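Here is the structure we will look at.
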Amino acid sequence: MRRRMLVFVCLAAVWAGMTGCAPVQPWQREYLADETMQFDPDPLKAEWQQHVREVFEGGRGGFNGTGGGCGCR
Amino acid sequence: MTRAKGGRACGPGRRFGSVLILALVSIAVGPSWAVEPAQDEVETGYNYYNGAGVTVQGPAVIVKKNVLDGASLKAGYSVDMVSSASIDVVTQASPYRETRQEYSLGTDILRGDTLIGMDYIDSRESDYTSDTLSIGAAHDLFDKNVTFNMKVARSWNLVGRNNDPSFGWKDFNRTMYSTGITQSLTPRWLIQFNYELTADAGLINNPYRSAMTLDGALVPENYPDARTGQAWAIRTSYGFPSGSSAIGPGGLGGSVQMDYRYYRDTFNVVSNTAKVTLQRYFAPDWLGGIFYQYYRQGAASFYGDRLPTNQLYKARDRDLSEYQDHWIGLTLKFKLKQTTWGLISNPYVQIDSSLMIYHYDDFTDPRTDALYSQRAYVGHTSFGFNY
Amino acid sequence: MNKRGKIVSFLLALVFVAAGPALGAAPGDRAPDFTGKTLGGGNVKLSELRGRIVLLNFWGTWCAPCKEELPYFNRLYVKYKGVGLEILAVNVDKVTAQAVGMSGALGLTFPVVPDPSGHLFDLYQIRSMPTTFVVGKDGMIRFVHWGFGPDDPARYDSQIKSLLKE
C-alpha cells in the first residue's frame, strides 16, 4: 500500500510537471478541431463497430475518452 | 461478456442484441467527446454484418439539439434484424430470425469548463430486455490542453429463453466505471489514457448454448455468477499537413491514429488489441481512411472445446476461447463543408466497409473436428447534416 | 489523513489551481497596436482608428461559435458603422482561402485580417475562441467577450451605445 502511494505521488508529480505547461494555445487548435484528429467522431459508426467487437470478443471497454476538439465556447 | 444464444441461438444474433447495450454504454452515452457546445445535428445510418452464418442489419438514427444555453438533448433509435445460422446454432439447434429494437435518450449540460452527461438506453427483444443509465462528467484544464473524464453506468437486464416459459426471467446486471485523461502534446498531436472496470453479476452465460463433454455429449454451460474485468488503453492521434494544392499548404492533410488496449478479468481472459488508422483528405470535401486491427485473446480458465464432465464451471462459447483476429477496413466520406441548403448545413455521406477474419486455437466445428475459423463482412453507411 | 495523503492532496490541488484560466489582454489595458492587410486588399493600422469604437474579433473557420457570431457582427456593423463603429475580424486559419470562402458565404461587410502565424493572437494573449475586445475611442480596451452566447448581443448593444456617448 505504501509503495503504491509513492508510485502514485511520483506519477502525479510528473504529470503536474508535464501538464504545467499548456503546449497548445486555444487559437492553435485548428488541427485538433478536425474530425480526423478525434477518436470517435461518428457516434453511429463507432457504436456499430464497438458492438461487433463486443459480440465476438471476450474483452470489454477501454475506449471511452473525451477531449481534444476545437476549444471553442 | 456476451449474451449469445447458443442452442437455439447462437450467436451473434442474440449476442448482438444484448451486448449492444455494453457498446452503447461505452460510446454513445456520457459526455460527448469534447467539453464544448455541440452543434445541432441529425445522423441516419444503416448497419450491416454478414459472416459466420449470421446476418444482422438495420437502420439507426440519432438527433441532437441544443435546447437552452449550455444544455442539449439527444435521442436515438435503432433496429437489428437478425438471421442466424451460425456454427453453434446449426450444430445445437435450428436457424432463427429475430428483431431487436432500441431507444436512447440523453442530455449534456455545459457549464464553463465542465460537461455533465446523462443517458438512458432501453433495448427490447423477445428473450432479452435491457435498461441502462449512465452519468459522466468531463472537465478541461490548462487552456483545454488536458481533459479529465469519469463515467459510471449501470445496466439492468432480464434474460429469458424463447419457447421455455419455465425458464422465467433471470437477472443479469452490469456496472461500469471508467475514467480517462486526454492531453494535447502539440497543435497536431493528442494522446489519451483510459481505464475501465466492468462488473457483471447474475446469469452471465448464454441460456441457449451447451458445452460438450470429452465424448461429445452436450451438457449445460455453467459460469460463475460474477465477473469483473479491467481494461487499460492508450490512444494517440497525429495530424500531418497537406502537401497538395487542393487543400492548401499548411492545412490539415489527414491523420494517423494508433490504439492499444490491454484487458484482463476474473474469468482469466487476457487480451491485447492494437489498431492503426490512417485518414487523408483528397480534396476539401473528400476524406478517405483505412484501418487495421489485430486482436489476440487467451482463454477463460473454465473454457474448453471438450470438457471433463466433473468440471464445475464449463464454457464452450468461442468468445471465451484462445484466438486471434484481423480486422481491416476502408472508409470514404463526402462532406460539403460551409454549405447551406435552406435549413440544412454541412451535409455528408459516408460508407464504411471492412472484413474480419478469425482463427480459433481451441474451438472446433463438431461436424468436421477441424479448428474453426470465420470471416465476416461489416459495413455501415450514413447520411447526416447540421440544422 | 496521514502524511502521504496530505502530500498527494496538496500536489493535486496544485495541479488544479495552476490549471485555472489565464485571461489575456484585459479591460483597462491599452489595445496593442498592429498593422495588417485585409482580405479585401487594403491595409489597416489599429492606432489610426482612434476616435472610433473598434470591435476587435479573433476567430477561425473551425470554430462553431465564431461562425454564429459573425453574421451578428454583420448586422451590428450595418447599424452602427455610420456613427463611429469599426469591426476588425482577425482570422487564424492556416489556409487563408478557407477564411475567404467563409467570409464570402456569410457575406461579411467588415474587414477580415488574416493571421495564419497567430502573431496577433499571441500579441493579445487569446485564451479562448472566439474572443472579442471592445476598444473605446481612446484606444483602451473597455470590455472583453469570451465565446458567444445568447446574452452577448444585448451586452454588445448596450456597451456600444454607452461608448458612443463618450
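Protein chains in written order, with the numbering used here: chain A, 1 to 73; chain B, 1001 to 1387; chain C, 2001 to 2166.
Ideal placement from N, C-alpha and C gives every residue a C-beta, glycine not left out.
The structure displayed is predicted, hence computed values, not measured ones.
Item, Value
"Within-7 Å CB hit, residue 2121 (chain C) to chain A", "yes"
"CB contact check: residue 1039 (chain B) to chain C, cutoff 7 Å", "yes"
"In DSSP terms, what residue 1139 (chain B) is bridged to", "B:1114, B:1148"
"Residue 1201 (chain B) - partner residues in DSSP beta bridges", "B:1173, B:1226"
"Residue 1320 (chain B): contacting residues in chain A (beta-carbon distance under 8 Å)", "58"
"Euclidean distance between Cα positions of residue 1071 (chain B) and residue 1252 (chain B)", "31 Å"
"Three or more C-beta pairs below 8 Å linking the stretch 1107-1115 of chain B and the stretch 1077-1086 of chain B", "no"
"Nearest residue (CA-CA) to residue 2056 (chain C), options C:2042, C:2040, C:2079, C:2030", "C:2030"
"Beta strand (DSSP E) segment containing residue 993 (chain B), residue limits", "Residue 993 (chain B) is absent from the model: chain B starts at 1001 and stops at 1387."
"Reduced DSSP secondary structure (H/G/I, E/B, other) of residue 2113 (chain C)", "strand"
"Residue 1307 (chain B) to residue 1321 (chain B) span [Cα, whole Å]", "13 Å"
"Rounded Cβ spacing between residue 2053 (chain C) and residue 2160 (chain C) (contact assumed at less than 8 Å)", "6 Å"
"Identity of the residue in A:3, A:39, A:6 nearest residue 1239 (chain B) by Cα", "A:39"
"Three-state secondary structure (DSSP) of residue 50 (chain A)", "helix"
"Backbone secondary structure at residue 1160 (chain B) - three-state DSSP", "coil"
"Inter-stretch contact at 8 Å, needing at least 3 Cβ pairs: the stretch 1136-1144 of chain B / the stretch 1168-1175 of chain B", "no"
"Nearest neighbour of residue 2040 (chain C), chosen from C:2089, C:2162, C:2140 [CA to CA]", "C:2089"
"Nonlocal neighbours in the same chain, by C-beta distance under 6 Å from residue 1301 (chain B), ignoring five residues either side", "1268"
"Any chain A beta carbon closer than 7 Å to residue 2059 (chain C)", "no"
"Assigned secondary structure, residue 1092 (chain B) (DSSP; H/G/I helix, E/B strand, else coil)", "helix"
"Close-in-space but distant-in-sequence residues of the same chain around residue 1048 (chain B) (CB under 6 Å, 5 per side omitted)", "1057, 1379"
"DSSP bridge partner residues for residue 1119 (chain B) (one or two, in chain order)", "B:1106, B:1134"
"Residue 1351 (chain B) beta carbon less than 7 Å from that of residue 1381 (chain B)", "yes"
"Proximity test, Cβ basis, 7 Å: residue 48 (chain A) and chain B", "yes"
"Cβ pair residue 37 (chain A), residue 1255 (chain B) closer than 7 Å", "yes"
"Collapsed DSSP secondary structure at residue 2106 (chain C) in the structure displayed", "helix"
"CB contact check: residue 2009 (chain C) to chain A, cutoff 7 Å", "no"
"Residue 2080 (chain C) beta carbon near the ligand GDP (any heavy atom closer than 6 Å)", "Ligands in the displayed structure: none, and consequently the ligand GDP is not present."
"Simplified DSSP assignment, three categories, for residue 1031 (chain B)", "Low local confidence applies: a pLDDT of 33 at residue 1031 (chain B) is under 50, so the model's placement there is unreliable, and no value is given."
"Classification of residue 1283 (chain B) by the beta-carbon crowding that lies within 10 angstroms, buried from 16 upward", "exposed"
"Opposing strand residues paired with residue 1360 (chain B) [DSSP bridges]", "B:1323"
"In DSSP terms, what residue 1388 (chain B) is bridged to", "Because chain B here runs from 1001 to 1387, residue 1388 (chain B) falls outside it and cannot be looked at."
"Nearest to residue 2042 (chain C) (by Cα), restricted to the options C:2106, C:2113, C:2006, C:2094", "C:2113"
"Sufficient close CB pairs (3 or more, under 8 Å) joining the stretch 1119-1127 of chain B to the stretch 1097-1106 of chain B", "yes"
"Beta carbon proximity, residue 1301 (chain B) to chain A, threshold 7 Å", "no"
"Near-chain C residues of the stretch 23-55 of chain A (beta-carbon distance less than 8 Å), N- to C-terminal order", "25, 26, 27, 28, 29, 30, 33, 34"
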